[in-house]
Amino acid sequence: MSEIQEAGSKIMVNVVLPSHIMSRIPQLQPGQVALVGAGPGDPGLLTLNALMLIQQADVLVCDRLVSDEIAALKPAKAELINAGKSCKEHVLTQEQTNQVLVDQAKLGKRVVRLKGGDPYIFGRGGEEVEFLMDHEIESIIVPGITAASGCSAYAGFPLTHRDFAQSVTLATGHIKHDGKLELDWKALASNDRTVVFYMGLNNAQLISDSLQAEGREADTPVGLIERGTTLQQRTVFTTLGALPQAIIDNGLKPPTMMIVGEVVTIAEKNAKKQEKINAKKAAEKAVRNSEENNLAQA
């Protein structure tokens, strides 16, 4: 059993992986950089490759969306570099982060660039790989569960459904340099489509107005998921017309996913069904307890 296997087995509650699976785990070499998707927040949503690469790191470069729980999976000797970025605040600029990756790799370190969600979905992974290639640094890409699918699942609804949504579109709600958000609003306003906006809180009014201007009804359901898949997750259900005010009223902060479409209603429908199931189980349990008490007293 290799050092990696031992570390992985310990984390995975003593599950020893078969050799044919272990042989496919990427081996991070000195001077290489792995861009690793950490998923939407819940450590349980890390992929196996992500976990194993984190445990091979000499240096871990983390974004703000990577939880302390996930960062703590690194080897004790590994250096942690915080590159945390939010919409308005940067510990390191993107350019500085790019340079850190190159500098650490040139020192012969095994570098893991850990990013929330998936590196290639609004994660600027493409830019970082280009920079690494320009400096002749080899990289490994490990996809992660993107926030759209993770957050919607934890909020209780799918992104597609045969009755409501035949397609799903992932869109940015924020343009670099705080530019004007110019999307194909006509296409996004299609009623048979689910639209997921990443980083859209600050442009909620524009999103609401633009979709309605292209024909999306004001009563279109919207799900707002703050800190999705974490223990701090909050889910707010509203409508397209009431979207901006709902954000204000509930004090929602980034990271919050904004999901527009009829699929959102499934969460509330299933919640009501679950309430009935729970009530039925409680009633059945009360009957059983009563019968057991009667037998005990007989």
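Under the working numbering, the first residue of the sequence shown carries the number 1218, and numbering increases by one thereafter.
Built from N, CA and C at the ideal position, the CB exists for glycine as well.
Only a predicted model underlies this, so the values are computations on that prediction, with no experimental measurement involved.
Are the Cβ atoms of residue i and residue j separated by less than 8 angstroms?
i	j	result
residue 1247	residue 1323	no
residue 1297	residue 1288	yes
residue 1469	residue 1428	no
residue 1414	residue 1480	no
residue 1421	residue 1457	no
residue 1416	residue 1471	yes
residue 1357	residue 1249	yes
residue 1254	residue 1343	no
residue 1378	residue 1483	yes
residue 1452	residue 1284	no
residue 1387	residue 1370	no
residue 1280	residue 1300	yes
residue 1433	residue 1406	yes
residue 1383	residue 1409	yes
residue 1398	residue 1385	no
residue 1286	residue 1257	no
To the nearest angstrom, how far is it from the Cα of residue i to the Cα of residue j?
i	j	result
residue 1294	residue 1270	15 angstroms
residue 1290	residue 1244	17 angstroms
residue 1239	residue 1264	13 angstroms
residue 1367	residue 1381	20 angstroms
residue 1431	residue 1404	9 angstroms
residue 1423	residue 1268	39 angstroms
residue 1262	residue 1340	17 angstroms
residue 1411	residue 1313	36 angstroms
residue 1443	residue 1473	4 angstroms
residue 1348	residue 1315	7 angstroms
residue 1490	residue 1501	17 angstroms
residue 1275	residue 1292	8 angstroms
residue 1273	residue 1241	15 angstroms
residue 1478	residue 1311	33 angstroms
residue 1425	residue 1467	17 angstroms
residue 1402	residue 1465	24 angstroms
residue 1487	residue 1503	24 angstroms
How close, in whole Å, do the beta carbons of residue i and residue j come, if the pair is a contact with beta carbons under 8 angstroms?
i	j	result
residue 1319	residue 1352	5 angstroms
residue 1278	residue 1234	No, residue 1278 and residue 1234 are not in contact; Cβ-Cβ is about 27 angstroms, not under 8 angstroms.
residue 1513	residue 1445	Not a contact, Cβ separation roughly 47 angstroms.
residue 1454	residue 1485	6 angstroms
residue 1266	residue 1359	5 angstroms
Can you have a look at residue i and say buried or exposed, based on whether 16 or more other CB atoms are within 10 angstroms of its CB?
i	result
residue 1438	buried
residue 1350	exposed
residue 1392	exposed
residue 1543	Nothing in the structure corresponds to residue 1543, since the chain is present only between 1218 and 1515.
residue 1435	exposed
residue 1361	buried
residue 1363	buried
residue 1511	exposed
residue 1345	buried
residue 1220	Since pLDDT at residue 1220 reaches only 45, below the 50 mark, its modelled position is unreliable, and no value is offered.
residue 1390	buried
Any idea which residues DSSP pairs residue i with across the strands?
i	result
residue 1357	1251
residue 1299	1279
residue 1453	1441
residue 1239	None; residue 1239 has no bridge partner.
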